[in-house]
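**Student:** Here's a structure for you.
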Amino acid sequence: NSNILRKFMGVAQHHDAVSGTEKQNVSDDYAERLSIGRAECKELVSDVLGKLVQKNSSVPSPQFVFCDYLNISVCPLTVNNKQFTITAYNPIARQVTTVVRIPVTSNYSITGPSGKPVTTQLQDVSEGTKQVRRNRGSAPKELLFQVTLPPLGFQTYIAEASQGGVKARRHSQSQTEAFK
Amino acid sequence: NADTTIENQFLSLTFDGSTGLLKSMTDKKSQKSTSVRQSFYWYTSSMGDLKSSQKSGAYIFRPLIQTPTDLFNGTSVGLTVIKGPVATEVRQQFQPWLSQVIRLYNNREFAEFEWTVGPIPIKDRVGKEIITRFDTDLQTNSTFYTDANGRQILQRIRDHRFDWQYNNTEPVSGNYYPINSRAFITDDKMQMTVMTDRSQGGSSMKDGSLEIMIHRRTLGDDHRGVGEPLNETGQFGDGLIVRGQHFVLFTSVDKAAAAHRLLGEELYMAPSLSFSQWVPDWA
Numbered sequence: 001n002s003n004i005l006r007k008f009m010g011v012a013q014h015h016d017a018v019s020g021t022e023k024q025n026v027s028d029d030y031a032e033r034l035s036i037g038r039a040e041c042k043e044l045v046s047d048v049l050g051k052l053v054q055k056n057s058s059v060p061s062p063q064f065v066f067c068d069y070l071n072i073s074v075c076p077l078t079v080n081n082k083q084f085t086i087t088a089y090n091p092i093a094r095q096v097t098t099v100v101r102i103p104v105t106s107n108y109s110i111t112g113p114s115g116k117p118v119t120t121q122l123q124d125v126s127e128g129t130k131q132v133r134r135n136r137g138s139a140p141k142e143l144l145f146q147v148t149l150p151p152l153g154f155q156t157y158i159a160e161a162s163q164g165g166v167k168a169r170r171h172s173q174s175q176t177e178a179f180k
Numbered sequence: 001n002a003d004t005t006i007e008n009q010f011l012s013l014t015f016d017g018s019t020g021l022l023k024s025m026t027d028k029k030s031q032k033s034t035s036v037r038q039s040f041y042w043y044t045s046s047m048g049d050l051k052s053s054q055k056s057g058a059y060i061f062r063p064l065i066q067t068p069t070d071l072f073n074g075t076s077v078g079l080t081v082i083k084g085p086v087a088t089e090v091r092q093q094f095q096p097w098l099s100q101v102i103r104l105y106n107n108r109e110f111a112e113f114e115w116t117v118g119p120i121p122i123k124d125r126v127g128k129e130i131i132t133r134f135d136t137d138l139q140t141n142s143t144f145y146t147d148a149n150g151r152q153i154l155q156r157i158r159d160h161r162f163d164w165q166y167n168n169t170e171p172v173s174g175n176y177y178p179i180n181s182r183a184f185i186t187d188d189k190m191q192m193t194v195m196t197d198r199s200q201g202g203s204s205m206k207d208g209s210l211e212i213m214i215h216r217r218t219l220g221d222d223h224r225g226v227g228e229p230l231n232e233t234g235q236f237g238d239g240l241i242v243r244g245q246h247f248v249l250f251t252s253v254d255k256a257a258a259a260h261r262l263l264g265e266e267l268y269m270a271p272s273l274s275f276s277q278w279v280p281d282w283a
């Protein structure tokens with residue numbers, strides 16, 4: 001089913017889909033098709049990434065998940081686990097540095113690809129985010145850190161929940177100044 | 001009531017101490033500043049008038065009144081500032097259904113404006129078309145620029161067409177153009193470029209100003225074929241909430257093209273994130 005997203009993207013090239021001038025039930029149908037195609041595509045990318053990151057072929061390759069609602073700080077995997085990895089793939093043919101923002105419930109330390117700790121910023125999610133995500137989750141905080149990605153490649157960062165001690169000191173808690 | 005300034009290596013943004021609105025923007029490399037008032041406004045969707053029965057809808061943007069209403073409540077947007085080692089952000093609340101976060105990241109040239117809009121209230125039975133607008137003191141001489149499918153940047157001149165004599169019957173929507181990835185205004189020295197995360201429409205209705213439509217909810221069918229108003233009610237039945245981002249560059253004119261071309265590529269092909277519970281042995 002690896003070409004299913006391509007088929008549905010093809011359907012969505014109709015001029016009404018591009019401009020948003022379709023009827024609501026047609027819009028819902030486009031959304032459903034794209035969602036199905038995207039789910040298939042995510043599975044495929046997860047398989048590929050799992051094979052690429054695997055260092056030892058005798059153990060099963062890991063499964064990767066994608067969080068569709070990261071823009072509203074919703075990601076069950078990062079909220080419900082004390083330890084997880086973040087893999088960022090860069091599709092551009094030059095090095096890219098960007099900031100990753102993940103929803104969390106407490107403080108985490110992030111270890112970069114070189115094994116060194118990465119500077120992070122832990123802050124409360126905005127009121128706008130709390131309002132917009134409604135029943136999709138309740139992570140009260142988000143963790144920000146910078147990632148540097150190679151051209152057409154990926155890097156894996158490791159997150160571990162830290163509870164005081166050395167790991168907690170690596171973090172810089174953000175300062176909030178409420179003016180009004 | 002003191003003004004608040006946030007900055008990184010490239011930009012400095014100042015917010016008005018009493019209103020909390022963006023007040024000025026400085027390019028730290030050239031040390032050039034511009035006053036900027038950024039706020040949100042709404043146009044009333046036309047349901048037809050004596051001049052024409054044309055309604056505003058999915059195909060047609062036709063405001064009833066040519067001056068948009070400010071969504072700033074007139075007192076304060078309740079500015080909250082968060083400073084950290086990775087990013088500095090300010091949070092603004094314009095209406096119960098309209099908020100914005102403005103971020104400056106370390107070593108990134110742009111300011112990120114993340115707006116969350118909706119559900120657009122329609123209890124008053126009035127369709128609304130929401131815009132964000134940047135009003136600067138750049139001397140733009142009726143000229144602004146938008147891109148065509150992210151490729152060629154086209155010059156637009158207010159109330160003017162290059163190919164025919166323009167009879168302006170719709171003062172606002174007649175000056176609206178598609179923005180697929182970026183729009184900018186410029187004078188001889190400085191340029192303000194707004195990169196979008198999706199295709200939108202926009203214009204410059206007065207010199208130094210750039211407006212972009214970010215959300216619409218209309219109550220009439222525009223009779224162009226769709227047969228229904230543009231009034232999606234969404235999962236919860238009360239209307240859609242949209243969240244999107246504008247990436248704003250303020251640079252000298254000679255640096256502007258390189259800045260928006262590189263950023264445009266990064267936005268179009270953004271890194272994809274995936275997560276796993278697996279933690280490798282070599283960790």
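Residue numbers (the working numbering), protein chains in the order written: chain B, 1 to 180; chain R, 1 to 283. Glycine included, every Cβ here is placed at the ideal spot set by N, Cα and C. Here the structure is a predicted model, which means the values were calculated and not measured.
Exposed or buried, Q200 (chain R), counting other C-beta atoms within 10 Å across all chains shown (16 or more means buried)?
**Tutor:** By the 10 Å Cβ count, Q200 (chain R) comes out buried.
**Student:** Taking 8 angstroms as the threshold, find out whether the segment 134-143 of chain B comes into contact with the segment 247-257 of chain R through three or more Cβ pairs.
**Tutor:** Short answer: they don't touch.
**Student:** Consult DSSP for A39 (chain B) and reduce its assignment to one of helix, strand or coil.
**Tutor:** If DSSP states are grouped into helix, strand and coil, A39 (chain B) belongs with the helices.
**Student:** For S199 (chain R), which three-state DSSP category applies?
**Tutor:** Note: S199 (chain R) maps to coil in three-state DSSP.
**Student:** Where does Q95 (chain R) sit, in a helix, a strand or coil, going by DSSP?
**Tutor:** Looking at Q95 (chain R) - three-state DSSP - the assignment turns out to be strand.
**Student:** At 3 residues or longer, and completely inside the segment 9-65 of chain R: list those beta strand (DSSP E) runs for me, N to C.
**Tutor:** Those beta strand (DSSP E) runs which fall completely within the segment 9-65 of chain R and span 3+ residues are 11-15, 22-27 and 32-44.
**Student:** Thinking F134 (chain R) and V36 (chain R) are a contact (beta carbons under 8 angstroms), I'd like their distance in whole angstroms, please.
**Tutor:** About 6 angstroms; that satisfies the 8 angstroms criterion.
**Student:** How should P271 (chain R) be labelled, buried or exposed, when 16 other C-beta atoms within 10 angstroms of its C-beta is the threshold for buried?
**Tutor:** Answer is buried; the Cβ neighbour count reaches 16.
**Student:** Using only CA atoms, which one of B:H15, B:R38 and B:V74 lies nearest to T129 (chain B)?
**Tutor:** It is B:V74 whose Cα lies nearest to the Cα of T129 (chain B).
**Student:** Inspect the beta-carbon positions of A126 (chain R) and V99 (chain B) and report whether they are closer than 8 angstroms.
**Tutor:** The question names Ala, but residue 126 (chain R) in the sequence shown is Val. Not closer than 8 angstroms, so no.
**Student:** Return yes when the Cβ of I179 (chain R) is within less than 8 angstroms of the Cβ of D147 (chain R), no when it is not.
**Tutor:** Taking 8 angstroms as the Cβ cut-off, D147 (chain R) and I179 (chain R) qualify as a contacting pair.
**Student:** DSSP puts Y157 (chain B) in a beta bridge; with which residues?
**Tutor:** The partner list for Y157 (chain B) (beta bridge, DSSP) reads B:I86.
**Student:** Using a Cβ cut-off of 8 angstroms (strictly closer), state whether R136 (chain B) contacts chain R.
**Tutor:** Answer no: the Cβ-Cβ gap between R136 (chain B) and chain R never drops below 8 angstroms.
**Student:** With D57 (chain R) and D222 (chain R) assumed to form a contact (beta carbons below 8 angstroms), what rounded beta-carbon distance in angstroms separates them?
**Tutor:** Looking at the sequence provided, one finds Gly at residue 57 (chain R) rather than Asp. G57 (chain R) to D222 (chain R), Cβ: 3 angstroms. Contact.
**Student:** Quick one, which of B:Y69, B:N3, B:V53 and B:P151 has its alpha-carbon nearest W278 (chain R)'s?
**Tutor:** With distances taken between Cα atoms, W278 (chain R) lies closest to B:V53.
**Student:** Kindly indicate which three-state DSSP category R182 (chain R) falls into: helix, strand or coil?
**Tutor:** Strand, per DSSP.
**Student:** Taking only the alpha-carbon atoms, compute the straight-line gap between T156 (chain B) and G112 (chain B) and give it to the nearest angstrom.
**Tutor:** Distance between the alpha carbons of T156 (chain B) and G112 (chain B) is about 7 angstroms.
**Student:** Nearest to K141 (chain B) by alpha carbon, out of B:S109, B:N3, B:V104 and B:Q131?
**Tutor:** Nearest C-alpha to K141 (chain B): B:V104.
**Student:** Which residues bound the beta strand (DSSP E) around L154 (chain R)?
**Tutor:** Counting along the chain, the beta strand (DSSP E) containing L154 (chain R) begins and ends at Q152 to I157.
**Student:** If we ignore side chains and look at the alpha-carbon of each, how far apart do F184 (chain R) and T26 (chain R) end up?
**Tutor:** Taking the straight line from one Cα to the other gives about 16 angstroms.
**Student:** Per DSSP, F144 (chain R) forms a beta bridge with which residues?
**Tutor:** Answer is R:R156, bridged to F144 (chain R).
**Student:** Name the two residues that bound the continuous beta strand (DSSP E) containing S109 (chain B).
**Tutor:** Segment Y108 to T111, the beta strand (DSSP E) holding S109 (chain B).
**Student:** Spell out a yes or no on whether the segment 228-242 of chain R and the segment 66-77 of chain R are touching, meaning 3 or more CB-CB pairs, one atom from each, closer than 8 angstroms.
**Tutor:** They do not touch, by the three-pair rule.
**Student:** Could you tell me the alpha carbon to alpha carbon distance between S109 (chain B) and T78 (chain B), rounded to whole angstroms?
**Tutor:** Each residue's alpha carbon lies about 13 angstroms from the other.
**Student:** Measuring only between beta-carbons, confirm whether P150 (chain B) sits less than 8 angstroms from chain R.
**Tutor:** For P150 (chain B), the answer is no, since every Cβ of chain R falls outside 8 angstroms of its Cβ.
**Student:** Listed in chain order, which residues of the segment 60-74 of chain B have Cβ atoms closer than 8 angstroms to some Cβ of chain C?
**Tutor:** Looking at the structure shown, chain C is missing, and the protein chains on hand are B and R.
**Student:** On the DSSP letters alone, give me the boundaries of the alpha helix (DSSP H) that H215 (chain R) sits inside.
**Tutor:** It is not in any alpha helix (DSSP H) - H215 (chain R) instead sits in the beta strand (DSSP E) that spans S209 to R217.
**Student:** At a cut-off of 7 angstroms, would you count E211 (chain R) as near the ligand MN, judging by its Cβ distance to the nearest heavy atom?
**Tutor:** Of ligands this structure carries none, so the ligand MN is not represented either.
**Student:** What does the Cβ neighbour count give for H160 (chain R), buried or exposed, with the cut at 16 atoms within 10 Å?
**Tutor:** It counts as exposed.
**Student:** List, in order along the chain, the chain B residues whose C-beta lies closer than 7 angstroms to that of W278 (chain R)?
**Tutor:** The contacting residues are P62 and T85.
**Student:** Taking the alpha-carbon of L143 (chain B) as reference, which of B:E40, B:S114, B:T97 and B:N107 has the nearest alpha-carbon?
**Tutor:** The option with the nearest alpha carbon to L143 (chain B) is B:N107.
**Student:** With distances taken from CA atoms, which of R:Q31, R:N1 and R:T34 is nearest G20 (chain R)?
**Tutor:** The candidate whose alpha carbon is nearest that of G20 (chain R) is R:N1.
**Student:** Please go through the same chain and pick out, in chain order, the residues whose beta-carbon is closer than 7 angstroms to the beta-carbon of A178 (chain B), but skip the five residues on each side of it.
**Tutor:** Here A178 (chain B) scores only 40 on pLDDT, less than 50, and its place in the model is too uncertain to base an answer on.
**Student:** So, for T132 (chain R): in the same chain, excluding its five sequence neighbours on each side, which residues have a beta-carbon less than 6 angstroms away from its beta-carbon?
**Tutor:** Result list for T132 (chain R): F40, I212 and I214, in chain order.
**Student:** Mind checking who Q139 (chain R) pairs with in its DSSP beta bridge?
**Tutor:** Partner(s): none; Q139 (chain R) has no beta bridge.
**Student:** Who are the Cβ neighbours of R198 (chain R) in its own chain at under 7 angstroms, not counting the five residues just before and after it?
**Tutor:** So the list reads G244, once near-sequence residues are dropped.
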